[in-house]
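Residue numbers (our numbering): 10 to 438. Every residue, glycine too, gets a C-beta built ideally from N, C-alpha and C. Nothing here was measured: the structure is a model prediction, and the numbers come from that model. Worksheet: one structure, shown below.
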Ligand SMILES: Cc1cc2nc3c(=O)[nH]c(=O)nc-3n(C[C@H](O)[C@H](O)[C@H](O)COP(=O)(O)OP(=O)(O)OC[C@H]3O[C@@H](n4cnc5c(N)ncnc54)[C@H](O)[C@@H]3O)c2cc1C
């Protein structure tokens, strides 16, 4: 029984790797990678934003590292927040000492004297967890910027991902004793060469039956068999796994999808993104990995510095900065992937003193339609209906935009392993 795997991102490839039966992978682009693609322009390589390898699942992290063999190195995070023209250590709550004294006082006072009620949305959660000042000064503006919606319209699902610092750390941070937050990603791995797509290549080297340039156009089911049509080929499968964004999957299902399911899917919110490459003709900011900016003056919420990942991301003697700018999903590609977005990004970097005009020797921009799932207040209810529907149809959903969960590559791989086990067991039975 052949398994049809729709989509050749990390989820589809990892699934194929763990399957103990025949499979075919159908990928619409001319190479595999999806969100783990690395772009190249005149010797400058850049990922879809900062893409580091880290995980709280030690087995999966080891698996990823082993897969890359010699082509891997371990790095220490050096992230900063750009706050009112100064660097503050990341995460913000661990860097309070860098603020001016009045602001440190406000943050500490509101953190310790916090009578915000138990939260029912993300905005309330910030107030409840960090107090008014830390929330108003940084947390809320940053979150409004990245999500493009009011955090009051976001549910509590997201909160699970945000580590909560111990009280002692906040006090230490306010008086200037070093602490570390988000320790699960303090150290990370990254390929020495080839950007994050090297991880994808490492999978591909161990797989067969990958069909690129194969955009799935139609899916139907008859007599317990799945029929899949691409622009140039027809396939039939005993079981089907879709890693395609759920919005794309319902468009190609030749099935009467109930209106309630269509409505639930169409009500899901997500953000698109522009990733802007700024190539520099010299090595700059080699002590930084990433910089977070809450100020609306900067289009980007995050800037990554190539040297923090690997020297091979830029030609010898050069370096680069790649910026991430989120957009509402209804903003058309032409507006996102535009010269205006590049120019504004470069302008801000110059204005804030990070680069000079003469440093810039290359720029590029890519539009990423499906970048961030947004957990709004209807999220859990909608997903329950959607999952039940696809379970009934017997289409297995796998991956970030297929399952519509904010997951990183490590969880994609872990989920692929779990699904492979289920499909392998089914065959044996
Ligand atoms: C800005 C950003 C930063 C991130 N940072 C990190 C990080 O630091 N560390 C980390 O581990 N993860 C990170 N991630 C998450 C990680 O990139 C994703 O979780 C992972 O790549 C998702 O893989 P996937 O295979 O599930 O989905 P995708 O990569 O979306 O794969 C889906 C595939 O389906 C293909 N496809 C779509 N439609 C069709 C069709 N009709 N026919 C055939 N094929 C089709 C697509 O081309 C794509 O290749 C980040 C993501 C973003 C957006």
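Assuming residue i and residue j make a contact with CB atoms under 8 Å, what is their CB distance in whole Å?
i	j	result
residue 206	residue 316	That belief does not hold up - the Cβ atoms of residue 206 and residue 316 are roughly 19 Å apart, past 8 Å.
residue 9	residue 127	This structure does not reach residue 9, given that the chain is present from 10 up to 438, and the question cannot be answered.
residue 58	residue 244	Contact doesn't hold; Cβ gap of about 33 Å is too wide.
residue 386	residue 162	6 Å
residue 182	residue 268	Actually they are not in contact, since the Cβ atoms of residue 182 and residue 268 sit about 51 Å apart, beyond 8 Å.
residue 225	residue 432	That pair is no contact at about 19 Å.
Quick one: grab the DSSP three-state call for residue i.
i	result
residue 119	helix
residue 335	strand
residue 192	helix
residue 68	helix
residue 385	strand
residue 129	coil
residue 314	strand
residue 323	coil
residue 85	strand
residue 103	helix
residue 171	coil
residue 238	strand
residue 364	coil
residue 148	helix
Any chance the CB of residue i is under 7 Å from a heavy atom of ligand 1?
i	result
residue 317	no
residue 409	yes
residue 3	Nothing in the structure corresponds to residue 3, since the chain is present only between 10 and 438.
residue 377	yes
residue 417	yes
residue 38	yes
residue 381	yes
residue 414	no
Of the choices the options, whose alpha-carbon is the least far from that of residue i?
i	options	result
residue 311	330, 293, 341 and 408	330
residue 305	420, 66, 26 and 157	157
residue 399	289, 266, 282 and 354	266
residue 262	301, 229 and 93	229
residue 11	364, 31 and 342	31
residue 238	20, 417, 36 and 71	36
Quick one: Cα of residue i to Cα of residue j, how far?
i	j	result
residue 55	residue 192	25 Å
residue 255	residue 366	42 Å
residue 141	residue 348	38 Å
residue 369	residue 323	13 Å
residue 91	residue 338	27 Å
residue 281	residue 407	20 Å
residue 164	residue 427	27 Å
residue 114	residue 97	16 Å
residue 231	residue 404	13 Å
residue 43	residue 289	26 Å
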